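Numbering (UniProt numbering), first residue to last: 1 to 299.
Backbone N, C-alpha and C define an ideal beta-carbon position, used for all residues, glycine too.
Treat the numbers as computed from the prediction; the structure is a model and nothing was measured.
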């Protein structure tokens, strides 16, 4: 028997970041939107825990116990007094190291798949607790749709979305370290008064109405200046997308993927073609949101 779970990528339509706390974490107001790029995580009984991966950039995915999918299997097994003897296979379509929570998605997918395979009876709240232990973005990968995350981003409130939003994502030629981006955020903000992060009411209203123009006027990412400081070439990618007709352009999360909000699928195709032709990115993907969270796709 095996279980396959499909789990989505995300874009941060707002990422408000506060000053670092004594424990090193930054308080966040993080508005997540799940989008229709998916990894599929399949778990099968095995003699021991092992991972395999296929798909674009699969060679960049760690196949040891640092992988969030392996850690998720171990965490659930420990909670229910069993050994995590499964083969976890990841069919990867979410860009790797792109600020779209691909690793977090795999963790959530493995957790849901192992729960179904082992029939632990774990409640959704228990699964969300484990997700929060694994990482700040993992709970949203389980939930999907749209949500406001506070704290480290793991304390979620579901949000209403009144329509479909269309996106183009441009993948950069190299990666960016999330810890390095936060360190640069701290460096750039040194000596300034960094306000407590709060969700934009205009942005939440735009999501609820399904209004792409209002959403475009409200998107923001406090990590974008830090990402551009470490990876200045991203400014050219952002400018290209805007010039091609994107309603809004921003760095996705800690980057280096850049996200472009567009009006419809035809606009997405035009912006994607312009980005590819410009040579300012490695590849482009189009997707729409909201998308469902971790969902069992097969047994």
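Going along the chain, which residues of its own chain have a beta-carbon closer than 7 Å to the beta-carbon of residue i, five neighbours each way excluded?
i, result
"residue 212", "165, 247, 261 and 263"
"residue 32", "10, 12, 140, 146, 147 and 149"
"residue 265", "166"
"residue 297", "4, 5, 6 and 40"
"residue 77", "83 and 84"
"residue 20", "26 and 186"
"residue 226", "181, 184, 185 and 188"
Indicate the three-state DSSP secondary structure (helix, strand or coil) for residue i in the structure shown.
i, result
"residue 289", "strand"
"residue 36", "strand"
"residue 178", "helix"
"residue 59", "helix"
"residue 9", "strand"
"residue 75", "helix"
"residue 294", "coil"
"residue 185", "helix"
Closer than 6 Å by C-beta to residue i: which residues in its own chain qualify, once you throw out the five before and the five after it? Chain order, please.
i, result
"residue 88", "43, 51, 69 and 110"
"residue 220", "14"
"residue 306", "Residue numbering for the chain in the displayed model covers 1 to 299; residue 306 lies beyond these limits and cannot be assessed."
"residue 200", "14 and 218"
"residue 114", "43, 73 and 76"
"residue 202", "218"
"residue 122", "115"
"residue 178", "254"
"residue 132", "139 and 154"
"residue 56", "none"
"residue 107", "68, 69, 72, 134 and 138"
"residue 280", "236, 237 and 240"
Determine the closest residue to residue i out of the options, with distance taken between C-alpha atoms.
i, options, result
"residue 288", "295, 159, 168 and 227", "168"
"residue 73", "116, 100 and 56", "116"
"residue 4", "75, 64, 25 and 91", "91"
"residue 294", "128, 259, 230 and 133", "128"
"residue 142", "218, 103, 258 and 93", "103"
"residue 94", "62, 39, 78 and 121", "39"
"residue 196", "106, 2, 17 and 252", "17"
"residue 252", "176, 118 and 119", "176"
"residue 26", "78, 107, 284 and 153", "153"
"residue 231", "112, 255 and 194", "255"
"residue 238", "54, 276 and 135", "276"
"residue 259", "186, 286 and 46", "286"
"residue 249", "215, 229 and 173", "215"
"residue 174", "123, 37, 243 and 233", "233"
"residue 45", "23, 53 and 2", "2"
"residue 96", "53, 64 and 122", "53"
"residue 257", "267, 282, 126 and 190", "282"
"residue 125", "100, 99, 101 and 156", "156"
According to DSSP, what are the bridge partners of residue i?
i, result
"residue 3", "43"
"residue 15", "30 and 221"
"residue 53", "90"
"residue 198", "None, per the DSSP bridge assignment."
"residue 66", "According to DSSP, which records beta bridges pairwise, residue 66 is partnered with nothing at all."
"residue 283", "171"
Using a Cβ-Cβ cutoff of less than 8 Å, which residues in the same chain neighbour residue i once the five nearest sequence positions on both sides are dropped?
i, result
"residue 159", "31, 145, 146, 147, 148, 204, 207 and 208"
"residue 47", "85"
"residue 28", "15, 16, 17, 18, 136, 149, 150, 151, 152, 153 and 197"
"residue 235", "228"
Could you tell me which uninterrupted beta strand (DSSP E) segments, each at least 3 residues in length, are contained entirely in the UniProt domain "GHMP kinase C-terminal" (203–276), listed from first to last along the chain?
You should have 248–251 and 258–262.
Quick check on the DSSP output: what are the complete beta strand (DSSP E) runs of length 3 or more inside the stretch 84–172, in order along the chain?
Entirely contained in the stretch 84–172, the beta strand (DSSP E) runs reaching 3 residues are, in chain order, 86–91, 146–151, 155–158 and 165–171.
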